[in-house]
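Colleague: Here it is, the structure in full.
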Amino acid sequence: MLNQPASEIELLRAAYAAFNARDINAALALMTADVAWPRAFKGGFVRGHEEVRAYWTEQWSEIDPHVEPSAFHPEEGGFWSMCTPVVRDQAGSVVADEHVGHRFTIDRGLIQVMDVCSLPSSS
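Printed below as a string of structure tokens:
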């Protein structure tokens, strides 16, 4: 079993907190300059800080997501987390509320790639 470096878990917790607080600058400070980030509701990826900023600005004008990680699991090259995103439309109605996985690649203490993934099956 891989160790769970506290610093990497704290990095991911800080990233989720910054996202939920809509603090783009704080979130981007936790990412590599060439970060690859999924366009979860639109498909594809954005790359780099300015594309992430533009995507989140657009996303937050359309929906109001709040993502809470409930567990972090190490894997070679990074971590995956189990999350429960609650997504509301601009009127406040819930449009999504289900468990998803997020896979992170971390490079030199910063998030390099995030991807939405299937959760592993229960044993």
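This note's numbering runs 1312 ahead of the 1-based position in the sequence shown. A virtual CB, placed ideally from N, CA and C, is assigned to each residue, including glycine. Here the structure is a predicted model, which means the values were calculated and not measured.
1. Which one of Ser1393, Val1379 and Val1425 has the shortest CA to CA distance from Asp1409?
2. By Cβ distance, which residues of its chain are closer than 6 Å to Trp1349, with the 5 residues on each side in sequence left out?
3. Residues in its own chain within less than 7 Å of Gly1389 by CB, not counting five upstream and five downstream?
4. Hey, how far is the Cα of Asp1404 from the Cα of Trp1392?
5. Between Val1428 and His1414, how many whole angstroms is the CB-CB distance? I'm expecting something under 8 Å.
6. In this structure, how does DSSP classify Arg1359 when only helix, strand and coil are distinguished?
7. Ends of the beta strand (DSSP E) at Leu1441?
8. By the DSSP assignment, the beta strand (DSSP E) with His1378 in it spans what residues?
9. By Cβ distance, which residues of its chain are closer than 7 Å to Trp1372, with the 5 residues on each side in sequence left out?
10. Pull up the distance between the alpha-carbon of Glu1362 and that of Gly1355, whole angstroms please.
11. Per DSSP, which residues does Gly1390 bridge with? Please list them.
Modeller: On the basis of the data shown:
1. For the purposes of this step, residue 1409 is taken as the residue at position 97 of the sequence shown. Closest by alpha carbon: Val1379.
2. Position 37 of the sequence shown holds residue 1349. Cβ neighbours of Trp1349 beyond the five flanking positions: Val1358, Val1364 and Met1426.
3. Here the question's residue 1389 lines up with position 77 in the sequence shown. Thr1417.
4. For the purposes of this step, residue 1404 is taken as the residue at position 92 of the sequence shown. For the purposes of this step, residue 1392 is taken as the residue at position 80 of the sequence shown. Asp is not the amino acid found at residue 1404; the sequence shown has Gly there. Using only the alpha carbons, I get a separation of about 29 Å.
5. Position 116 of the sequence shown, counted from the first residue, corresponds to residue 1428. Position 102 of the sequence shown, counted from the first residue, corresponds to residue 1414. Taking the Cβ atoms as the reference, Val1428 lies roughly 6 Å from His1414, within the contact range of under 8 Å.
6. In the sequence shown, counting from the first residue as 1, residue 1359 sits at position 47. Correct three-state label for Arg1359: strand.
7. The displayed coordinates of the chain run from 1313 to 1435. Any statement about residue 1441 would go beyond what the structure contains.
8. For the purposes of this step, residue 1378 is identified with residue 66 of the sequence shown, where counting begins at 1. Unbroken beta strand (DSSP E) run through His1378: Ile1375 to Glu1387.
9. On the sequence shown, residue 1372 is found 60 positions in, with the first residue counted as 1. Within the same chain, Cβ atoms closer than 7 Å to the Cβ of Trp1372 are found at Arg1334, the five residues on either side in sequence being excluded.
10. In the sequence shown, residue 1362 corresponds to position 50, counting from 1. In the sequence shown, residue 1355 corresponds to position 43, counting from 1. When rounded, the distance between both Cα atoms is 18 Å.
11. If you number the sequence shown from 1, residue 1390 lands on position 78. Per DSSP, the beta-bridge partners of Gly1390 are Glu1387 and Thr1417.
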